[in-house]
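Reviewing the structure listed below.
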Amino acid sequence: MCRKLIDNAETEKRNVFLEIVYILIFAASAMGDMPGFSYSMTRVMKAISLLIVIIGVCILFVSGDMKRIKTGARFVGVYGFILIGVIVWSILLWIINLETVEFIMRGVTKFMYQFLVLLIIFAGTYMLGERAIYTTFYGLVIANTIMLAINLGIYGPVESFNSVMAMFQGAEAQEGFARAMEIHDITFSYGFFIIYFLFFAQHNRERTIGIILALFYFILGWKRIALTALPLTIFFALIMGRMKSKTRIRFMSFIAWTFVIISFAYVVITRVGLFDTIMEHFNIDTMGRSEVYNYIEKYYRISLGFIGYGFEYTTVILLQVSQANPEAHIGVVGLHNNILTLYIELGFIGFWAWMLYTWIFQLRWMLRHWGEKTAMLFFFCEMYIFITYMTDNTLYYFYTSLVLRLIPMAYAFHKPTTQDIRLWPWVRVQKVT
Numbered sequence: 003m004c005r006k007l008i009d010n011a012e013t014e015k016r017n018v019f020l021e022i023v024y025i026l027i028f029a030a031s032a033m034g035d036m037p038g039f040s041y042s043m044t045r046v047m048k049a050i051s052l053l054i055v056i057i058g059v060c061i062l063f064v065s066g067d068m069k070r071i072k073t074g075a076r077f078v079g080v081y082g083f084i085l086i087g088v089i090v091w092s093i094l095l096w097i098i099n100l101e102t103v104e105f106i107m108r109g110v111t112k113f114m115y116q117f118l119v120l121l122i123i124f125a126g127t128y129m130l131g132e133r134a135i136y137t138t139f140y141g142l143v144i145a146n147t148i149m150l151a152i153n154l155g156i157y158g159p160v161e162s163f164n165s166v167m168a169m170f171q172g173a174e175a176q177e178g179f180a181r182a183m184e185i186h187d188i189t190f191s192y193g194f195f196i197i198y199f200l201f202f203a204q205h206n207r208e209r210t211i212g213i214i215l216a217l218f219y220f221i222l223g224w225k226r227i228a229l230t231a232l233p234l235t236i237f238f239a240l241i242m243g244r245m246k247s248k249t250r251i252r253f254m255s256f257i258a259w260t261f262v263i264i265s266f267a268y269v270v271i272t273r274v275g276l277f278d279t280i281m282e283h284f285n286i287d288t289m290g291r292s293e294v295y296n297y298i299e300k301y302y303r304i305s306l307g308f309i310g311y312g313f314e315y316t317t318v319i320l321l322q323v324s325q326a327n328p329e330a331h332i333g334v335v336g337l338h339n340n341i342l343t344l345y346i347e348l349g350f351i352g353f354w355a356w357m358l359y360t361w362i363f364q365l366r367w368m369l370r371h372w373g374e375k376t377a378m379l380f381f382f383c384e385m386y387i388f389i390t391y392m393t394d395n396t397l398y399y400f401y402t403s404l405v406l407r408l409i410p411m412a413y414a415f416h417k418p419t420t421q422d423i424r425l426w427p428w429v430r431v432q433k434v435t
């Protein structure tokens, strides 16, 4: 008995040590997202997260927990299948369109970071299980806090406060401190954590602190589409929490199909010019997006025969627009519309394949193999980020895509306790048998 207690204590210490190492590595990696860093420097900083993979591999060889390996591998397989499909289809399109080797290597290199994401979440969940959610969160918070301290030192407390107040009062563009704290990738990722903390995390002090920190940095980052997407997702969560299980599952399926159909309708509306009409009718400032959509409309068509151009080709299109029409002044290298980007890059068939796989297949796979709660966590995370696709480039953001995939996967390692809730906070705690 004493030997067993000592072993348990040593295991607990080892887990805490692993969590600290994971947090520090992740925080160092996330510091690369600080505004002012060059693009190449940001990519190098992200590569620091490879250390998590190396540590995970070492532990895997020592412990060899086949159950954890199997769980992680199944998620990575499902997540990775769509990524492999996109890159293989893109390579085929690049060859058909006779793209340069330089462009192909650029696209492949950028896409490799998505596979790094899969390695990180596999290593993280293998080492820490559900705790990988918290350790990832703490790493991002530490990086964000360091950025906060640096920017406060640059702009000063008074000017920083005034900058944030101007942002809250509806300034057309963030300036000074508020602009410096608009850390796109990390800010979007907090939305996933808020969903997890509110509806799925065990009720304890750590959860409460997590909600406060996530909300603080989520609001400070001030991404308008995220500030719309998250409340809408929470609204759906509150409604669905009152439904019976069978009704809730049917409702999720209905919403999933709705998103697929609306996404295609969104592409059609944009292509035929109705997007401008709708935005003008509701007096919505698109911040130049309407003009960009008008410039690129000749590069795609709504047709089964439209095969697309391949991953990252929208950046080439925007460059061509700038060169062909210097007066365009589009001033962006990304389309700021991932739904339209998917259609242009993957084509008609590729677009539908991606949508159906993401929304229909993955949701059913989660329900069939991991149960209703994990499927719902996946569903709400997808709903939140999918809304941002309409006006932003969040689809392949490094930390955003990492957290999106990590949270449902880590929750599959969840071990029930007396602090668990069936689904939502107002539901009584269930006895663990």
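According to this note's numbering, the sequence shown is numbered sequentially starting from 3. Don't be surprised by glycine CBs; every beta carbon is placed ideally from N, CA and C.
Asked, Found
"Hey, Q116 and Y398: beta-carbon distance below 8 Å or not?", "yes"
"Please look up how many angstroms separate the CB atoms of M385 and N339, rounded, as I've assumed it's under 8 Å.", "At roughly 18 Å, the Cβ-Cβ gap does not stay under 8 Å, so M385 and N339 are not in contact."
"DSSP state of I263, grouped into three classes?", "helix"
"May I ask you to verify whether the region 213-228 touches the region 253-269, counting CB pairs closer than 8 Å and requiring at least 3?", "no"
"Could you give the DSSP three-state label for I423: helix, strand or coil?", "strand"
"Just to confirm the assignment, what range does the alpha helix (DSSP H) spanning D187 have?", "H186 to F201"
"Looking only at C-alpha atoms, which of V46, I86 and V23 sits nearest to I56?", "V23"
"First and last residue of the alpha helix (DSSP H) that includes G349?", "N340 to M357"
"Helix, strand or coil, according to DSSP, for H205 in the structure here?", "coil"
"Using only alpha-carbon positions, find the residue among L95, I93, N99 and V78 that is nearest to T127.", "V78"
"Measuring straight from C-alpha to C-alpha, what distance separates V270 and I144?", "43 Å"
"Over the uninterrupted alpha helix (DSSP H) stretch that includes N395, give me the two end residues.", "Unbroken run through N395: none, as it is neither H nor E."
"Grouping DSSP H, G and I as helix and E and B as strand, with all else coil, what is F77?", "helix"
"For G178 versus S191, is the C-beta spacing smaller than 8 Å?", "no"
"Would you mind listing the alpha helix (DSSP H) stretches within the region 302-328 that are 4+ residues and don't spill past its ends, in chain order?", "315-326"
"For L100, which three-state DSSP category applies?", "coil"
"From V18 to I25, what distance separates their C-alpha atoms?", "11 Å"
"To the nearest angstrom, how far is the alpha carbon of L232 from that of F202?", "16 Å"
"Can you name, in chain order, every residue of its own chain whose Cβ lies under 7 Å from the Cβ of F313, other than the five neighbours on each side?", "V88, I89, S92, G109, F113 and E347"
"Who are the near neighbours of H205 in its chain, counting only those whose CB is closer than 6 Å to its CB and skipping five residues on each side?", "Q421"
"Apart from the five residues on each side of it in sequence, which residues of its chain come closer than 7 Å, Cβ to Cβ, to F308?", "Y302, G349 and F350"
"Evaluate contact between the region 400-418 and the region 373-384, counting only Cβ atoms and requiring at least three cross-stretch pairs below 8 Å.", "yes"
"Assign G58 to buried or exposed, taking buried as 16 or more other Cβ atoms, counted over all protein chains shown, within 10 Å of its Cβ.", "buried"
"Decide if C60 is buried, meaning its Cβ has at least 16 other Cβ atoms within 10 Å, or exposed.", "exposed"
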